[in-house]
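For reference, the structure is listed below as structure tokens.
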Amino acid sequence: FGWMDRLCEDYCGGIWNLYTLNNGGAFMAPEPDDDDDETWVLFNAMNGNRAEMSPEAAGIAACLMTYSHHACRTECYAMTVHYYRLRDYALQHPECSAIMRIID
31 FGWMDRLCED YCGGIWNLYT LNNGGAFMAP EPDDDDDETW VLFNAMNGNR AEMSPEAAGI
91 AACLMTYSHH ACRTECYAMT VHYYRLRDYA LQHPECSAIM RIID
């Protein structure tokens with residue numbers, strides 16, 4: 031949740047859902063409001079990129095940042111595997127461009 035707090039100025043907590051992927055990966059995403067057109071604005075101060083995306087895509091981006099940071103900090107191979115499984119999923123996601131802009 032810390033990465034979402036860093037990436038999204040308007041984030042103020044909430045319920046997150048866990049999603050498991052067919053490739054063995056997993057991610058969490060904030061539960062969307064009833065508004066189907068809900069968009070979140072994320073800004074990554076480390077690369078200067080900003081993107082609008084759905085709550086699901088925002089969760090994917092935040093999880094990718096979390097996995098990457100943890101894998102680099104701890105040199106944990108399992109986290110590296112989790113990162114690449116989720117990244118493979120993100121590359122096929124309809125909001126791939128926005129996700130990649132944030133994590134680049």
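Sequential numbering of the sequence shown, starting at 31, is according to the numbering used here.
Cβ coordinates follow ideal geometry from the N, Cα and C atoms, glycine included.
C-beta atoms of residue i and residue j nearer than 8 Å
{"i": "Glu39", "j": "Met83", "result": "no"}
{"i": "His123", "j": "Met109", "result": "no"}
{"i": "Asn74", "j": "Ala59", "result": "no"}
Assigned exposure category for residue i - 16 Cβ within 10 Å defines buried
{"i": "Glu86", "result": "buried"}
{"i": "Met95", "result": "buried"}
{"i": "Cys93", "result": "buried"}
Paired residues, beta bridge with residue i - DSSP
{"i": "Ala56", "result": "Thr50"}
{"i": "Leu72", "result": "Ala81"}
C-alpha distance - residue i paired with residue j, whole-angstrom precision
{"i": "Ile132", "j": "Tyr97", "result": "14 Å"}
{"i": "Arg115", "j": "Met34", "result": "20 Å"}
{"i": "Ala120", "j": "Glu105", "result": "22 Å"}
{"i": "Asn79", "j": "Val111", "result": "25 Å"}
Candidates the options: closest to residue i by CA position
{"i": "Ile129", "options": "Thr50, Thr104, Glu68, Gly89", "result": "Gly89"}
{"i": "Arg36", "options": "Glu68, Asn77, Thr50", "result": "Asn77"}
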